[in-house]
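What follows is one structure encoded as structure tokens, with my remarks underneath.
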């Protein structure tokens, strides 16, 4: 199976490096992506929006010989769901890593724009529930792996138009939530619940990590990805 790996904000293809070997050993062809405008200054990235990120991932799916599994971490989940909307017949499954399928018309989040781009705000910016398993060594090791993202990307609303996306099987690999806990929580998320409930085949699996399992528990993440892909 071809696996398209979409990183979250501030990360590039290398963020999947510790996960990829196990996927390849399981016989899969892995395609980690670096999204357009990541690390670029405003002069060359100011026009890049979420639609450009979706287009880049769609091109990766189109280049594969058959159907692909599309994996999106964090904000990359918006991109992954955009791919399912654009190519429902070419996507065998979407795997969300500690994020959920977005409804049409919403963005990822808002962050401070500096010199026309959005730099990584630092590990201390995030709540404890997101970073509790990222120790000092991991923080120091991964900080150089972060890059700015185009200013438009986090706030651009994702545009979804094809209801066939709901027929694409979905796996949610949630850091600290099991299926029962997630099912109770999603009920408080308004349009996100409506989007999730519309999916024909969806499962929720607890990773047992905070928000960046590719850095803290890559073997566990790879194991769960393989299980989802081969389901």
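In full-length UniProt numbering, the protein residues as written are 1 to 231.
Just so you know, even glycine gets a beta-carbon here, dropped at the ideal spot from N, CA and C.
Only a predicted model underlies this, so the values are computations on that prediction, with no experimental measurement involved.
| Query | Result |
| --- | --- |
| Sequence ranges, beta strand (DSSP E) only - wholly within the region 54–92, length at least 3 | 68–73 |
| Beta-carbon proximity check, residue 58 vs residue 170, cutoff 8 Å | no |
| Host beta strand (DSSP E) of residue 213 (start-end) | Residue 213 -> not in any beta strand (DSSP E); alpha helix (DSSP H) instead, spanning 213–216. |
| Euclidean distance between Cα positions of residue 104 and residue 217 | 31 Å |
| Cβ separation of residue 160 and residue 207, assumed to be a contact under 8 Å, to the nearest whole Å | Residue 160 to residue 207, Cβ: 26 Å. No contact. |
| Cut-off 7 Å between Cβ atoms - residues of its own chain near residue 110, not counting five sequence neighbours on either side | 154 and 155 |
| At least 3 beta-carbon pairs within less than 8 Å: the region 5–15 vs the region 31–50 | yes |
| Contact between the region 114–121 and the region 187–205 (3+ Cβ pairs under 8 Å) | no |
| Residue 157 beta carbon less than 8 Å from that of residue 106 | yes |
| Alpha-carbon spacing of residue 51 relative to residue 162, whole angstroms | 15 Å |
| Residues bridged to residue 150 (per DSSP) | 117 |
| Whole beta strand (DSSP E) elements within the region 129–191, 3-residue minimum | 170–174 |
| Where the beta strand (DSSP E) containing residue 230 begins and where it ends | That residue, residue 230, is in no beta strand (DSSP E); it is neither H nor E in DSSP. |
| Segment limits, beta strand (DSSP E) that includes residue 4 | 2–6 |
| Alpha carbon of residue 75 to alpha carbon of residue 100, nearest angstrom | 9 Å |
| Three-state secondary structure assigned by DSSP to residue 22 | helix |
| Proximity of residue 179 and residue 204 at Cβ, strictly below 8 Å | yes |
| Residue 69 classed as buried or exposed, judged by whether at least 16 other C-beta atoms fall within 10 angstroms | buried |
| Which of helix, strand or coil DSSP assigns to residue 202 | strand |
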